[in-house]
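**Q** Let me begin by handing over the structure; questions about it come next.
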Amino acid sequence: MRSILLFMFLPLVYGFLLDTNKIQSGNQPMPQNQYLKVSEFFDSKTVLQNGIQQARMETNELRHDMDNKLTLLTTQIQQILGSFNQQISKNDTIVELQDKYGDLLDNFTKLQNKYIHLQDKYVAQESELLFLRNKTTSLERRVTDLDHLKSVQTIKNEFELQQQVQVLKSETHVLTVNEQARRQDFQALYNLTLNLGKKADKLDEKIQKSDLRSNISLLDIRKEIDDLVINQTNLTNTKVQKIVHDTNKSLALINQQIVKTNEKVGLTACMDTNGNRASGSILKFHDVSTSYNIHNLQAFQNTGKFKCEEEGLYLVSAWIFARPAPYLAILKNNNLIGRAYSYDSTSHNSATFVGVVNLNVNDFVWVQTDTSTNVYNHPRTSCLTIIKIK
């Protein structure tokens, strides 16, 4: 192996004269003596032997030196071959990256088109948000107008409407914050698009200069771009849908509260007959003096039980004039709300009850006696009042 390598690389280091015909011997005269003396022969032989011995020593030294140089040269050649293999692999990578760069430019163009589409959707969403703001402003004006209405519960209704306005303002603030968040999302997407364009330009410069030394995973870049566009689109659509849903829901609740606030429910009715009432008797109030939005008035007069048609908070007030001292119970669906009684049993007295109860639709409220008593019905001295206050 060393002989082969020496044969291959020795011409790179040393030069040999192979054509001996170019050697010029010159014109030397022939010796006059045609015969060689023995002493001269042995002297020449001795000189020749010494020269051969010296040549052998020089040859051995040269062989040892050449072996060392050949070992070093072999190591260097192996390193150079390894470097050549890496360079060839990198050159192949550059050709492959040029193809990938073309695909990257196509994907970048698609991303720009998607960004333009998202901008159009954002403009449409801003228009929808402006419509919602206008609608909110209209509702605020309606609530402001409602503040000027006068009714039995004017002060309380005004406080409730102010609360609704505060809720509406809070929701409007939430809409504004969400709009700003969407603007930031679009700004982030736009910045990402610009950064991607800069990266593509830098990649082009590196490919043209053949200085690219690292592998770029095009599939990862493409997936990252597509995932980012999809996530931003889904996030934006989800936020917009949630804002629209929450706004519609809030507006519906506000409208419902306004309708309920404006709708008055109340009843005042009195007993129109005298007489004894046994313990546990339900008192009936036939003489109705005031009624608002009571649709089952006939049933109330016949049974003495008030049926709730609109859920809410109700004020219940009852006063009964009787002798001996009346003991009364006010019930809701057979559940005791409260009692009223008079301490004087020697003459006619009034037992009065005032309380607040929360009623659901189809709940019943009535007044019944706890003890036997004689009701005295001087004009409207034994009555029941029920008013919806919220």
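Residues -15 to -1, 1 to 375 (mature numbering (1 follows the signal peptide of the UniProt record, and there is no 0)) make up the sequence shown, in order. C-beta: ideal position from N, C-alpha, C; glycine also. Fair warning: this is a prediction, and the values are worked out from it, not measured in the lab.
What separation, rounded to the nearest whole angstrom, lies between the Cα atoms of GLN9 and ASN76?
**A** Translated into positions along the sequence shown, residue 9 becomes position 24. Translated into positions along the sequence shown, residue 76 becomes position 91. At GLN9, the pLDDT of 47 sits below 50, so the modelled position is not reliable; the number obtained from the coordinates is stated separately. When rounded, the distance between both Cα atoms is 53 Å.
**Q** Rounded to whole angstroms, what's the CA-CA distance from SER302 to ILE239? Just pull it up for me.
**A** For the purposes of this step, residue 302 is identified with residue 317 of the sequence shown, where counting begins at 1. For the purposes of this step, residue 239 is identified with residue 254 of the sequence shown, where counting begins at 1. The alpha-carbon atoms of SER302 and ILE239 are separated by roughly 30 Å.
**Q** Check whether the Cβ atoms of GLY297 and LYS373 sit closer than 8 Å, and answer yes or no.
**A** Along the sequence shown, read from residue 1 onward, the residue named residue 297 stands at position 312. Along the sequence shown, read from residue 1 onward, the residue named residue 373 stands at position 388. Closer than 8 Å, so yes.
**Q** Check TYR86 in the structure and name its three-state DSSP category.
**A** Mapped onto the sequence shown, residue 86 falls at position 101. Reduced to three states, the DSSP call for TYR86 is helix.
**Q** Can you tell me which of LYS54, VAL108 and THR121 puts its alpha carbon nearest to the alpha carbon of LYS234?
**A** In the sequence shown, residue 234 corresponds to position 249, counting from 1. Minimum Cα distance to LYS234 is reached at THR121.
**Q** On the premise that ALA325 lies in contact with ALA336, defined as a C-beta separation below 8 Å, what is that separation, rounded to the nearest angstrom?
**A** Indexing the sequence shown from 1 puts residue 336 at position 351. Indexing the sequence shown from 1 puts residue 325 at position 340. Yes, they are in contact, since the Cβ atoms of ALA336 and ALA325 sit about 4 Å apart, within 8 Å.
**Q** Span of the beta strand (DSSP E) holding LEU313?
**A** Taking the first residue of the sequence shown as 1, we reach residue 313 at position 328. Counting along the chain, the beta strand (DSSP E) containing LEU313 begins and ends at 312 to 317.
**Q** Go to ILE288, then tell me how far its alpha helix (DSSP H) extends in each direction, as first and last residue.
**A** As a working note, residue 288 is residue 303 in the sequence shown. The amino acid at residue 288 is misidentified as Ile; the sequence shows Thr. Its alpha helix (DSSP H) spans residues 282 to 288.
**Q** For ALA173, count neighbouring C-beta atoms within 10 Å of its own C-beta (all shown protein chains included) and say buried if the count is 16 or more, exposed if not.
**A** Taking the sequence shown and counting its residues from 1, one reaches residue 173 at position 188. Its Cβ having fewer than 16 others within 10 Å, ALA173 is exposed.
**Q** Between the region 346 to 366 and the region 254 to 264, can you find at least three pairs of beta-carbon atoms closer than 8 Å?
**A** Yes: the two stretches touch, three or more of their Cβ pairs being nearer than 8 Å.
**Q** Using only the heavy atoms of the ligand PLP, determine whether one of them is closer than 7 Å to the beta carbon of THR31.
**A** In the structure shown, the ligand PLP is absent, as is every other ligand, since no ligand is present at all.
**Q** The beta strand (DSSP E) with GLY265 in it runs from where to where?
**A** By one-based count along the sequence shown, residue 265 stands at place 280. That residue, GLY265, is in no beta strand (DSSP E); it is neither H nor E in DSSP.
**Q** Hey, out of GLN63, ASN343 and PHE270, whose CA is closest to ILE369's CA?
**A** If you number the sequence shown from 1, residue 369 lands on position 384. Note that residue 369 corresponds to Leu in the displayed sequence, not to Ile. When each option's Cα is compared against that of LEU369, the closest is PHE270.
**Q** THR337 bridges to which residues according to DSSP?
**A** Numbered from 1 along the sequence shown, position 352 holds the residue referred to as residue 337. Paired residue(s): TRP304.
**Q** Just the Cα atoms here: how many angstroms apart are LYS95 and THR223?
**A** Along the sequence shown, read from residue 1 onward, the residue named residue 95 stands at position 110. Along the sequence shown, read from residue 1 onward, the residue named residue 223 stands at position 238. For LYS95 and THR223, the distance between alpha carbons rounds to 23 Å.
**Q** Bridge partners for TYR299 per DSSP, in chain order?
**A** In the sequence shown, counting from the first residue as 1, residue 299 sits at position 314. Its beta-bridge partners are VAL342 and LYS373.
**Q** For the candidate residues GLU125, LEU124, LEU115 and LEU300, whose alpha-carbon lies nearest to that of THR161?
**A** Translated into the one-based positions of the sequence shown, residue 161 becomes position 176. THR161 has its Cα closest to that of LEU115, out of GLU125, LEU124, LEU115 and LEU300.
**Q** Answer yes or no: do TYR312 and THR356 have a C-beta to C-beta separation smaller than 8 Å?
**A** By 1-based counting over the sequence shown, the position of residue 312 is 327. By 1-based counting over the sequence shown, the position of residue 356 is 371. Contact flag set, yes.
**Q** If you follow the beta strand (DSSP E) that TYR277 is part of, which residue opens it and which one closes it?
**A** Within the sequence shown, the letter at position 292 stands for residue 277. Where TYR277 is concerned, the enclosing beta strand (DSSP E) stretches over 272 to 277.
**Q** Identify the residues that DSSP records as bridge partners of ALA254: which are they?
**A** Indexing the sequence shown from 1 puts residue 254 at position 269. Paired residues: VAL273 and LEU369.
**Q** Short check: CB of GLU295 to CB of HIS280, under 8 Å?
**A** Residue mapping note: residue 295 aligns to position 310 of the sequence shown, counting from 1. Residue mapping note: residue 280 aligns to position 295 of the sequence shown, counting from 1. The answer is no: Cβ separation not under 8 Å.
**Q** Would you give the residue range spanned by the beta strand (DSSP E) that residue 378 belongs to?
**A** In the structure as shown, the chain begins at -15 and stops at 375. Residue 378 is therefore absent and cannot be evaluated.
**Q** Just the C-alpha distance for LYS292 and ALA284, rounded to the nearest angstrom, thanks.
**A** Position 307 of the sequence shown, counted from the start, is the residue given in the question as residue 292. Position 299 of the sequence shown, counted from the start, is the residue given in the question as residue 284. Cα to Cα, LYS292 sits roughly 9 Å from ALA284.
**Q** Please confirm whether VAL350 and VAL341 have their CB atoms less than 8 Å apart.
**A** In the sequence shown, the residue the question calls residue 350 occupies position 365. In the sequence shown, the residue the question calls residue 341 occupies position 356. Contact flag unset, no.
**Q** From the DSSP output, read off the bridge partner residues of VAL350.
**A** Residue numbering aside, residue 350 sits at position 365 when the sequence shown is read from its first letter. According to DSSP, which records beta bridges pairwise, VAL350 is partnered with PHE291 and LYS317.
**Q** Within this structure, are the beta carbons of SER266 and GLN151 separated by less than 8 Å?
**A** Translated into the one-based positions of the sequence shown, residue 266 becomes position 281. Translated into the one-based positions of the sequence shown, residue 151 becomes position 166. Their beta carbons are not under 8 Å apart, which means SER266 does not touch GLN151 by this criterion.
**Q** DSSP on THR356, reduced to helix/strand/coil?
**A** By 1-based counting over the sequence shown, the position of residue 356 is 371. In the structure shown, THR356 sits in coil (DSSP, three-state: anything other than H, G, I, E or B).
**Q** What is the rounded straight-line gap between the Cα of GLN289 and the Cα of GLN241?
**A** Indexing the sequence shown from 1 puts residue 289 at position 304. Indexing the sequence shown from 1 puts residue 241 at position 256. As written in the sequence, residue 289 is Gly, which differs from the Gln given in the question. So the two alpha carbons sit approximately 31 Å from each other.
**Q** Round the Cβ separation of VAL360 and ASN259 to the nearest angstrom and send it over; I've been treating them as touching at under 8 Å.
**A** The sequence position of residue 360 within the sequence shown is 375, counting from 1. The sequence position of residue 259 within the sequence shown is 274, counting from 1. About 6 Å separates the two Cβ atoms, so the contact holds.
**Q** Would you mind sorting LEU268 into buried or exposed? The rule is 16 or more other CB atoms within 10 Å of its CB.
**A** What you label residue 268 is simply residue 283 of the sequence shown in a count that begins at 1. Result: buried.
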